[in-house]
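Report on one structure; see the data block that follows.
Chains as they are written, first to last, in the numbering used here: chain L, 10 to 379; chain X, 1444 to 2007.
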């Protein structure tokens, strides 16, 4: 088992800098996730840790071992890094059976035949593929192939496991099932896991800690799933963690208003944000479920533009001043309030859980994954 | 020892260096020497001389003939290819699938053997058809003369039109039928649709096929040599041959050869460039990946007449020449009537068991093709691997060199290896089998690269990386994962080289020595020496070998595909 440390790692492709001054420490035995939009460089970082790519600058340690240090022309090839890698496209070898795939790392290590096949069979059972040892990959479903890949990565008891979007080719149900299994496997084996994904749900579900990465390859925030979700450091992180609303605000006569509108907010100016308010840069963020709907006249006034029935919930688009918000209400709540609100009706909004941000660039409304 | 050295040098660098070395030695140096010899005399550039040589009547005439023949063959092949492709993929012609396979048979037959057959049938006074017509209708002059530009164009067209046929019928079948259907819904008639929708969509494929025909025709030796040399019709490759043979290697002759060869290389490069431009422009066109069922034109009353036309066409272009070769090959003496009592098996016995020259030629062709196919396959795998899979500085050199084999015609390769391997660099293998072997590698490298890179592109990078992550070294990953996965591509490359090499003529005819004739060369020289019957006998042996070979490939490639 080992930790992973990256110090000032930089990587460019031609003139395009993908990763710059990247420093991070992944602790021994934790499940750590790089979460970011596609093209943010998270896979490149993983590939540098695996040794498939070499950094231009910086140092990478796995445990106490320095594995990449371009300045010293030091480079340990992937096969000597004692890692397990699971790829997005499974990369199960099509010409080998399940057992042949899983036993391969042990064959390379020249583990005695009997011990090797015993360990391989045990690992195959661990990923719930018992009985399928002699199948060829084309006879397996996508989920089963991904389990083969997992078993193959685990069988040699690597120090660290690197998983590159391993679930994104699976359907929704299987994805949910597999992420519990990965979590379970980690608990049982204690291996350090680095998991790369653009799916915030998976990241929240399996990680001990998450690093949210921006489009420019920089780390926006590192924290536990709870910290990232509840205390996002900026609008980008907030938006990335789910459907999000932003209200640009300004101050008039000591009260907060939605910018350039008559819609007042029933909330005092938050402590420590006076400066931002004065500069007209205060923005409030909230999730669709964190907006309470009330009869007109109470709270902030809005107009229902659209109302969609989504089974257990109702999804509204409500305009407040010039800003459109996504609001969600459970069916039970809607029925208690006299049924879903018709389009065009006026409604009062209450915001019990606002996150405060200072605006830097333009904000897109209701962004993020639905 | 070597292992330790390899470990110190990164494997990537070793592979790159090896690949570059092979391509430089086998292809780049010969081509470079051709350009150098063409441009420089005694170390200084001499353009006047080039102009002078090109304006000499016999070189000028050869250039003109090349263009006329290539243009004629291209136009005829395109018309035939598009027509037959449309017939088998867009109409309700009976026995379509069988017909489709039959239209590909001309591909299998060596065109110089076809030319030989047509010479026997249509040469002015001794051709069987001419004699028959003159006797029957009491004509004073023979009605046909195959020894003309038109004769050459006709015979080449018979064997080259499948290039267009394959491209166009493939594209017609993959075309998204909804495009035509929507035109139909808008009220367009079938003719309008064909003219306004289908034809424009097919243009890239038609263009690509036509350019391929032009390229082959320009570089082709066999047909114009057999039908043109006797009456003084030369094109670039045959002129190069004539210059080299007449002058026994004098410098002026070689220089003229290199100038003509340079023109060939440049034209081939331009044609390939145009082709890739056309294909690129057609890439985003609406060709669906899946086979779909396009609407078929009902031929109604024309159904059977058109089938008859196709059958007659195939009978005349495939059956008739093949039968002629076999029949003439069995004759006691050339010129006798083709009747049973004039037939004998002695010719066959003689060339297979008694005559050293023909025995040698069969053996030479076999081992040269086998060795060249094997080596070229391996080297092609190596080079394709570096080009497709490796990330390494300096790869662009290899990518550039890798394109070269595609644009170097066989005649040029032969001339290039003569310049390179006749002692200039301390190695003289002229007149030995080695020079043919080296030339074959250069000539068929393109096939190997194509087949191997196609196979390698199917092997996703992550499969190899997964092996590395599992602890395998680069060598082990190659051995355990990559090679087993691309084996079908390698097998295909082997046969793609072995079979054409077996019947090769264009390159070997410039390189053969007293004991190193190949089958193609033996047939060609027998014909040149007037031994028409023995030429036909050997040609029939060649045809039998080729047919068996094709049959074997089908079986082997099928089983090796099933294995994975």
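Where is the CB? At the ideal position from N, CA and C, for every residue including glycine.
Please read these numbers as outputs of a predicted model, since none were measured by experiment.
Does the CB of residue i have a neighbour CB from chain X at under 8 Å?
| i | result |
| --- | --- |
| residue 365 of chain L | no |
| residue 195 of chain L | no |
| residue 113 of chain L | yes |
| residue 88 of chain L | yes |
| residue 1 of chain L | An answer regarding residue 1 of chain L cannot be provided, because it is not within the stretch 10 to 379 covered by chain L. |
| residue 96 of chain L | yes |
| residue 354 of chain L | no |
| residue 59 of chain L | yes |
Quick one: using the 10 Å Cβ neighbour count with 16 as the cut-off for buried, is residue i buried or exposed?
| i | result |
| --- | --- |
| residue 1685 of chain X | buried |
| residue 1870 of chain X | exposed |
| residue 1503 of chain X | exposed |
| residue 1561 of chain X | buried |
| residue 83 of chain L | exposed |
| residue 1618 of chain X | buried |
| residue 1779 of chain X | exposed |
| residue 1727 of chain X | Any reading at residue 1727 of chain X needs caution, since the residue's pLDDT is 46, under 50, leaving its predicted position unreliable; the model's value is listed next. Result: exposed. |
| residue 1827 of chain X | buried |
| residue 1773 of chain X | buried |
| residue 1810 of chain X | exposed |
| residue 1887 of chain X | buried |
| residue 1730 of chain X | Per-residue confidence for residue 1730 of chain X stands at a pLDDT of 49, beneath the threshold of 50, marking its modelled position as unreliable; no derived number is given. |
| residue 1747 of chain X | exposed |
I want to see whether chain L comes within less than 8 Å of residue i, judged by CB atoms only; does it?
| i | result |
| --- | --- |
| residue 1915 of chain X | yes |
| residue 1993 of chain X | no |
| residue 1909 of chain X | yes |
| residue 1912 of chain X | yes |
| residue 1663 of chain X | no |
| residue 1919 of chain X | yes |
| residue 1900 of chain X | no |
| residue 1903 of chain X | yes |
Give every residue of the same chain whose Cβ lies closer than 6 Å to the Cβ of residue i, excluding the five residues on either side of it in the sequence, and list them in chain order.
| i | result |
| --- | --- |
| residue 1588 of chain X | 1567 |
| residue 1586 of chain X | 1576 |
| residue 373 of chain L | Below a pLDDT of 50, predicted positions are generally treated as unreliable, and residue 373 of chain L, at 47, falls in that range; no measurement from the model is reported. |
| residue 323 of chain L | 338, 343 and 349 |
| residue 1481 of chain X | 1701, 1702 and 1705 |
Would residue i and residue j qualify as a contact pair, given that the criterion is a beta-carbon distance under 8 Å?
| i | j | result |
| --- | --- | --- |
| residue 290 of chain L | residue 193 of chain L | no |
| residue 42 of chain L | residue 169 of chain L | no |
| residue 244 of chain L | residue 255 of chain L | yes |
| residue 1709 of chain X | residue 1592 of chain X | no |
| residue 195 of chain L | residue 44 of chain L | no |
| residue 1986 of chain X | residue 1556 of chain X | yes |
| residue 1533 of chain X | residue 1615 of chain X | yes |
| residue 258 of chain L | residue 292 of chain L | yes |
| residue 1590 of chain X | residue 1670 of chain X | yes |
| residue 164 of chain L | residue 129 of chain L | yes |
| residue 341 of chain L | residue 335 of chain L | no |
| residue 65 of chain L | residue 19 of chain L | yes |
Closer than 9 Å by beta-carbon distance: list the chain L residues that pair up with residue i, in chain order.
| i | result |
| --- | --- |
| residue 1928 of chain X | 102, 103 and 104 |
| residue 1799 of chain X | Going along chain L, no residue has its Cβ under 9 Å from residue 1799 of chain X, so there is no contact; the nearest lies around 48 Å. |
Check the Cβ of residue i against every Cβ in chain X and list those closer than 8 Å, keeping chain order.
| i | result |
| --- | --- |
| residue 26 of chain L | The premise fails here: residue 26 of chain L is roughly 18 Å from chain X at the closest Cβ pair, so nothing lies under 8 Å. |
| residue 260 of chain L | In chain order: nothing, as chain X lies at least about 54 Å away. |
| residue 153 of chain L | Near residue 153 of chain L there are no residues of chain X at all, since even the closest Cβ is about 16 Å away, more than 8 Å. |
| residue 161 of chain L | 1909 and 1913 |
| residue 118 of chain L | 1914 |
Give the residues of chain L in contact with residue i, contact being defined as C-beta atoms less than 7 Å apart.
| i | result |
| --- | --- |
| residue 1924 of chain X | 102 |
| residue 1906 of chain X | 100 and 102 |
Excluding sequence positions up to five away, which residues of its chain have a Cβ less than 7 Å from the Cβ of residue i?
| i | result |
| --- | --- |
| residue 264 of chain L | 273 |
| residue 1816 of chain X | 1937, 1940, 1941 and 1944 |
| residue 1988 of chain X | 1945 |
| residue 1948 of chain X | 1555, 1664, 1665, 1963, 1964 and 1967 |
| residue 1645 of chain X | 1611, 1614 and 1615 |
| residue 1542 of chain X | 1531, 1536 and 1753 |
Relative to the ligand NAD, is the shortest distance from any of its heavy atoms to the C-beta of residue i smaller than 7 Å?
| i | result |
| --- | --- |
| residue 1786 of chain X | In the structure shown, the ligand NAD is absent, as is every other ligand, since no ligand is present at all. |
Report the neighbours of residue i on chain X: residues whose CB is nearer than 9 Å to its CB, in chain order.
| i | result |
| --- | --- |
| residue 93 of chain L | 1912 and 1913 |
Residues of chain C with CB closer than 9 Å to the CB of residue i, please, in chain order.
| i | result |
| --- | --- |
| residue 165 of chain L | Absent from the structure is chain C; the protein chains it does hold are L and X. |
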